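Structure record follows, encoded as structure tokens.
Numbering (the numbering used here), first residue to last: 8 to 366.
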């Protein structure tokens, strides 16, 4: 409710529901996105045990940061709506949000955009665009850290919106983050669109990764822009709290979405018969080449020149594309129905001496 006087410690013109409502929505969305992130991290753990060490560090490091952030966010929520219920000072106190929101968001956003910058470098072999993305991301992260420092010094969510230095730092933080996301989406779409090989299965994969890049980049950019609009458009209200609380989780989930997109569900409604360029997914810069092999009714392997019958339980009597992945030190021909294992970068590997099908 609002009041026309400062009775009860509530300044005139302040509507309590406009402060508590966005906070509750933001906390609920934050916990929901943390659940999604936990599932995605577990799937990554199951599917890609042989990924490069640096990729594993990125995934598990981000998840650790997000766990800490969720614990601190939960502490703040209980401080406001638990033992501080009905206390206006508790509602407007900054608590740990100066650290959990701008500082942690700046760290996760920088890691995520650096990850995409590396992928763009692998796809384009050009240093200009990746360095530009890293520069914009660095500016955004520094502004986020400064925003956190100013928020800690002020210590009040209402006074934060009235501070000019906080407004400038927050505007640079979210504006640079949105610029970086848009640049990543445009560049990834451009470079992926120039990787067409003429094969339908490869085209489907490129289309899939293009769509994922556009979707994840658009969501994070829109949330950052929405936070700017709400912060400057409604300075006396707490509407900006909702998008700013969920920003770190959106960045973390976007990274896991792209990494886990390498997984294939065999026998499902739509099976991609080839895999994507390892280097573009954080690999060692491998190249993707797709060939075709003939499968007879008895499913003899014609590509690897072995005579055993495949006992995978899948029988094809058509031309089936196979995938050849060539890294810097290995070259493997992979018939799609021989044992499939996920290689060190999430690619497919085979062993014709084995006769089971494993994903």
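No residue lacks a Cβ here, since even glycine has one placed at the ideal position from N, Cα and C.
Remember, predicted model here, so these are calculated numbers, not experimental data.
Identity of the residues DSSP links to residue 100 by a beta bridge: 163
Alpha-carbon spacing of residue 214 relative to residue 166, whole angstroms: 47 Å
Distance CB(residue 150)-CB(residue 189) smaller than 9 Å: no
Under 9 Å between C-beta atoms of residue 237 and residue 247: yes
Simplified DSSP state of residue 243, which is helix, strand or coil: coil
CB-CB length for residue 123 against residue 191, believed under 8 Å: 5 Å
Alpha helix (DSSP H) segment containing residue 250, residue limits: 248-267
C-alpha gap between residue 173 and residue 29, whole angstroms: 20 Å
Where residue 73 falls, given that 16 or more other Cβ within 10 Å makes a residue buried: buried
Sub-9 Å separation of residue 45 and residue 245 beta-carbons: no
Residue from 257, 242 and 55 whose Cα sits closest to the Cα of residue 22: 242
Reference residue 270; option with closest CA among 251, 37, 212 and 224: 212
Terminal residues of the alpha helix (DSSP H) in which residue 68 lies: 60-88
Alpha carbon of residue 239 to alpha carbon of residue 224, nearest angstrom: 23 Å
Sequence-distant residues of its chain with Cβ nearer than 8 Å to residue 226 (five each side left out): 257 and 261
Under 9 Å between C-beta atoms of residue 130 and residue 52: no
7 Å CB neighbourhood of residue 128 in its chain, flanking five on each side removed: 134 and 137
Distance between residue 125 and residue 116 (C-alpha atoms, nearest Å): 14 Å
Extent of the continuous alpha helix (DSSP H) to which residue 130 belongs: 111-131
Inter-residue spacing [alpha-carbon to alpha-carbon] between residue 290 and residue 59: Reliability fails at residue 290, whose pLDDT of 43 lies under 50, so the model's placement of it is uncertain and the value that follows must be treated cautiously. Their backbone Cα atoms lie some 7 Å apart in a straight line.
For residue 271, the three-state DSSP class (helix, strand or coil): coil
Reduced DSSP category for residue 29 - H, G, I as helix; E, B as strand; rest coil: helix
Same chain, Cβ closer than 7 Å to residue 221, five either side skipped, listed in chain order: 192 and 196
Per-residue DSSP class, three states only, for residue 201: coil
Residue 164 versus residue 158: straight-line alpha-carbon distance, rounded: 8 Å
Reduced DSSP category for residue 137 - H, G, I as helix; E, B as strand; rest coil: helix
Residue 2 versus residue 273 - alpha carbon distance: With the chain covering 8 to 366 only, the question about residue 2 has no answer from this structure.
Assigned exposure category for residue 24 - 16 Cβ within 10 Å defines buried: exposed
Residue 88 beta carbon less than 9 Å from that of residue 31: yes
Separation of residue 102 from residue 69, as counted between CA atoms: 23 Å
Helix, strand or coil at residue 367 [DSSP, three-state]: Within the shown structure, residues of the chain are numbered from 8 to 366, placing residue 367 beyond reach of any answer.
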